[in-house]
Amino acid sequence: MSGSHDGGRDGRDEPLNGLLHNLRKTWDHVDSLVYNCDLERYGREKDEQLLLLQRAVESARNGICITNPRLPDNPIIYVNDAFLVMTGYRREQVLGRNCRFLQRDERDQQAIELIRRAIKEETSITTVLRNYRRDGSLFWNELTVSPVHDESGRLMNFVGVQNDISARKEAERRVSEFYSVISHELRTPLSSINGALAVIADGSTGKINPQAMRMVKIALESSERLMRLISDILDWKKIEAGKFKLALTNAFPSAIVDAVVDSVSSYAEASGVHLKKEVLSDRPLTLDVDRTTQILTNLVDNAIKFSPRDETVLVRVELLADTTRFSVIDRGPGIAPQDLDKLFKVFQQLDSSDSRLKGGTGLGLSISKSLVELHGGQIGVDSVVGQGSTFWFEFYCGPGGGNHKEAR
Numbered sequence: 001m002s003g004s005h006d007g008g009r010d011g012r013d014e015p016l017n018g019l020l021h022n023l024r025k026t027w028d029h030v031d032s033l034v035y036n037c038d039l040e041r042y043g044r045e046k047d048e049q050l051l052l053l054q055r056a057v058e059s060a061r062n063g064i065c066i067t068n069p070r071l072p073d074n075p076i077i078y079v080n081d082a083f084l085v086m087t088g089y090r091r092e093q094v095l096g097r098n099c100r101f102l103q104r105d106e107r108d109q110q111a112i113e114l115i116r117r118a119i120k121e122e123t124s125i126t127t128v129l130r131n132y133r134r135d136g137s138l139f140w141n142e143l144t145v146s147p148v149h150d151e152s153g154r155l156m157n158f159v160g161v162q163n164d165i166s167a168r169k170e171a172e173r174r175v176s177e178f179y180s181v182i183s184h185e186l187r188t189p190l191s192s193i194n195g196a197l198a199v200i201a202d203g204s205t206g207k208i209n210p211q212a213m214r215m216v217k218i219a220l221e222s223s224e225r226l227m228r229l230i231s232d233i234l235d236w237k238k239i240e241a242g243k244f245k246l247a248l249t250n251a252f253p254s255a256i257v258d259a260v261v262d263s264v265s266s267y268a269e270a271s272g273v274h275l276k277k278e279v280l281s282d283r284p285l286t287l288d289v290d291r292t293t294q295i296l297t298n299l300v301d302n303a304i305k306f307s308p309r310d311e312t313v314l315v316r317v318e319l320l321a322d323t324t325r326f327s328v329i330d331r332g333p334g335i336a337p338q339d340l341d342k343l344f345k346v347f348q349q350l351d352s353s354d355s356r357l358k359g360g361t362g363l364g365l366s367i368s369k370s371l372v373e374l375h376g377g378q379i380g381v382d383s384v385v386g387q388g389s390t391f392w393f394e395f396y397c398g399p400g401g402g403n404h405k406e407a408r
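Heads up: the sequence shown begins at 1 in full-length UniProt numbering, then just goes up one per residue.
What follows is the structure, given as structure tokens:
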């Protein structure tokens, strides 16, 4: 009985088992079709992305080249049209060659050594070097070289992106030449004029009437202002060219503060501004006395310039944790937060009628910043609109306060 019962059950299950088997096969087939469709769609998307990337590279304004470091001499395997326009070569004249052919005989450029090192270390680099077009003409190439690695980290290619900055270089050269000529051509005759006016003003040539003396002093102040402008330009050019050297010596902060306050006292008196000194630390520092005096004078001049009459400008020296800080505190109009970043940039003045009325070269704070940084120090400003400003700079000193770190 039991055997007959089991056999009947198996017979009834056979159609169901067959149906399930067919469903599984159908599902596997559908799943395979879906998988293949996904692969096909994924492949189409990747092809579209590659096509988009290729079009972007081809239409780029910058020259682009790709090299293969796995082949001997790291040859060029791809260049875009902008590269060909920039260099004047045809594609077949470039492919298969090392990029050094653009340098011709100028292989001793510092930039080339930096590029070689980056290629050896498989790192990115951006530098500027002299390259030559097919017709032999020079162009300045701002070049970025970047390595490309596969998923396993193996180096596959280098991509070079180049930008012809010849026009910018020429503009920089002309500006530099202009400032150099103007500064030197003006400085010599202006020094003579300034000296002659100073002799007249101190009475060495004889007594003159008050009206004439007033005119002489106005002329003397104007010539001194022009001398400062020329000095600022010459200092700026030296700093920009990396040719500025500090004359380091040991000095007491109080001596610098005294010299600065004495030199601007008549200007402060004429402006109706009071000066106050507060030397809280007078430990000697290693610094360039003339340049530190120049920095502090510029800050005090600015404070006097923008202070209302009968206000006080405070010059303070204090010892912080590991720095000596010089501060110039005024009760002027203050500076808006959005303008603070502009202050120490070259030829920057705050765009206000008052600042334009007061005048200035737009170089003083930029030069001060560079001089402070040459000392290895920092410069900054804290300001609240309507309450005044505190311009400060600080030089590093050791725990004892007397040893300045080596200037850069």
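We put the CB at the ideal spot given by N, CA and C, even for glycine.
Values in this document were obtained by computation on a predicted structure and should not be read as measured data.
Item	Value
Straight-line Cα distance separating Asn62 from Pro337	37 Å
Simplified DSSP assignment, three categories, for Cys397	coil
Whole-angstrom distance between Ser192 and Ala303, CA atom to CA atom	30 Å
When Pro147, Cys99, Ile119 and Ile125 are compared against Asn131, the one with the closest alpha-carbon	Cys99
Paired residues, beta bridge with Arg283 - DSSP	In the DSSP output, where bridge partners are listed per residue, Arg283 has none listed.
Spatially closest choice to Lys245 from Asp288, Ala212, Glu224 and Leu226, by CA coordinates	Asp288
One or two residues paired with Thr323 in a DSSP bridge	Tyr396
Where the alpha helix (DSSP H) through Glu177 begins and ends	Ser166 to Ala201
Gln109 and Leu129 closer than 9 Å at C-beta	yes
Runs of alpha helix (DSSP H) wholly within the segment 210–277 (minimum 4 residues, chain order)	210–240 and 253–271
Spatial distance of Pro69 from Ile119 (CA atoms)	9 Å
The ligand NAP heavy atom lying under 8 Å from the CB of Thr292	For the structure depicted, the ligand NAP is absent and the ligand set is empty, with no information on it obtainable.
Distance between Glu170 and Ser254 (C-alpha atoms, nearest Å)	46 Å
Secondary structure, alpha helix (DSSP H): runs of 4+ residues fully inside the UniProt domain "PAS" (49–122)	81–87, 91–94 and 110–121
Cα-Cα separation between residue 413 and Ile77, rounded to whole angstroms	The structure shown does not extend to residue 413, since the chain is modelled only from 1 to 408, so the question has no answer here.
Other residues of its chain near His274: CB distance less than 8 Å, five sequence neighbours each side excluded	Ala268, Asp310, Glu311, Thr312 and Val313
C-alpha gap between Leu114 and Thr144, whole angstroms	11 Å
Beta-carbon proximity check, Trp140 vs Ser166, cutoff 9 Å	yes
Closest by C-alpha distance to Asp290, when choosing among Ala259, Ser176 and Asp164	Ala259
Spatially closest choice to Leu365 from Ala219, Gly388, Val385 and Phe393, by CA coordinates	Phe393
Simplified DSSP assignment, three categories, for Thr126	strand
Arg316, DSSP secondary structure in three states	strand
Supposed contact pair Thr293 and Ile233 - C-beta distance, whole angstroms, cut 8 Å	Ile233 to Thr293, Cβ: 19 Å. No contact.
Opposing strand residues paired with Ser389 [DSSP bridges]	Ser383
Reduced DSSP category for Leu299 - H, G, I as helix; E, B as strand; rest coil	helix
Span of the beta strand (DSSP E), counted from its first residue to its last, around Glu142	Leu138 to His149
Coarse secondary structure for Leu155, derived from DSSP in three states	strand
Where the alpha helix (DSSP H) through Glu373 begins and ends	Gly364 to Leu374
Ile304 - DSSP class collapsed to helix/strand/coil	helix
Sheet register partners of Gln294 (DSSP bridge)	Looking at the DSSP assignment, Gln294 forms no beta bridge with any residue, so it has no partner.
Assigned exposure category for Pro189 - 16 Cβ within 10 Å defines buried	exposed
Exposure label - Thr205; buried when at least 16 CB within 10 Å	exposed
Supposed close pair Ser389, Ile335 - CB separation, criterion 8 Å	6 Å
Bridge-paired residues (DSSP) for residue 416	Because the chain here runs from 1 to 408, residue 416 falls outside it and cannot be looked at.
Glu278 beta carbon less than 9 Å from that of Arg316	yes
Straight-line Cα distance separating Gly380 from Pro280	Looking at the sequence itself, residue 280 is Leu, so the reference to Pro does not match. Going by the C-alpha atoms only, they are around 20 Å apart.
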